[in-house]
Amino acid sequence: MDIDKRIDAARPYLLSLFRMVVGLLFACHGASTVLGLFGGPDGGRPDTGAWPGWWAGLIQLVCGILVFVGIGESGTRVAAVLGSGSMAYAYFTVHQKHALWPIENGGEPSVMFCWSLLLIAALGPGAWSLGRVTARSLQGGSPRSLAAEEHDRGKDRDRAPELT
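The numbering of the sequence shown is the UniProt record's numbering, which starts it at 1 and goes up by one.
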């Protein structure tokens with residue numbers, strides 16, 4: 001088996017691992033803001049309901065958890081888009097006014113979360129997700145067979161359409 005085939009076979013699983021890591025880190029970021037966990041945010045926790053800090057933290061916490069578990073194809077994508085948008089908002093309203101480049105204005109985490117979550121929204125949850133396990137158990141199959149089906153659909157999607 002050549003390297004391209006191995007990478008293609010691993011793609012849905014690597015995507016799931018990427019989604020889980022990004023979701024977990026995003027949820028931790030939100031838990032720090034909203035719950036004061038992990039040392040809390042720089043500058044202290046915002047008051048409950050305070051705009052935009054507390055609400056941003058809540059979005060991070062909830063969307064991070066939903067992305068981490070892969071709440072389903074649509075649910076994961078919606079949570080990722082919402083999280084991505086909140087990070088774009090944070091970058092342009094909090095960081096951009098201090099300097100042009102993220103390295104200068106402290107906005108690297110916002111940019112990385114924004115683009116990582118947007119990628120998850122575009123590619124979906126991958127092979128391992130709560131939504132896939134739930135769907136497969138309701139249909140009486142295994143999660144692995146669903147991942148194989150996704151891999152096969154990906155091959156069909158990558159093929160050029162036939163001209164008639």
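Ideal Cβ positions, reconstructed from N, Cα and C, are used throughout, including at glycine.
A quick note: this is a predicted structure, and the numbers were derived from the prediction, not measured.
Would you report the Cα separation of residue i and residue j, rounded to the nearest angstrom?
i	j	result
residue 128	residue 82	21 Å
residue 113	residue 103	15 Å
residue 99	residue 107	10 Å
residue 17	residue 35	26 Å
Apply the 10 Å Cβ neighbour rule to residue i and answer buried if 16 or more other Cβ atoms are within range, or exposed otherwise.
i	result
residue 6	exposed
residue 3	exposed
residue 121	buried
residue 76	buried
For residue i, which of helix, strand or coil comes out of DSSP?
i	result
residue 160	Per-residue confidence for residue 160 stands at a pLDDT of 45, beneath the threshold of 50, marking its modelled position as unreliable; the derived number appears in the next sentence. In this structure, residue 160 counts as coil in the three-state DSSP scheme.
residue 139	helix
residue 122	helix
residue 15	helix
residue 111	helix
residue 5	helix
Please tell me whether residue i and residue j are closer than 9 Å, where the distance is taken between their beta carbons.
i	j	result
residue 68	residue 23	yes
residue 28	residue 64	yes
residue 39	residue 57	no
residue 90	residue 117	no
residue 124	residue 25	no
Along the chain, which unbroken stretches of the alpha helix (DSSP H) at least 4 residues long are found entirely within the stretch 27–70? With a minimum length of 4 residues, the continuous alpha helix (DSSP H) runs that stay inside the stretch 27–70 are 53–69.
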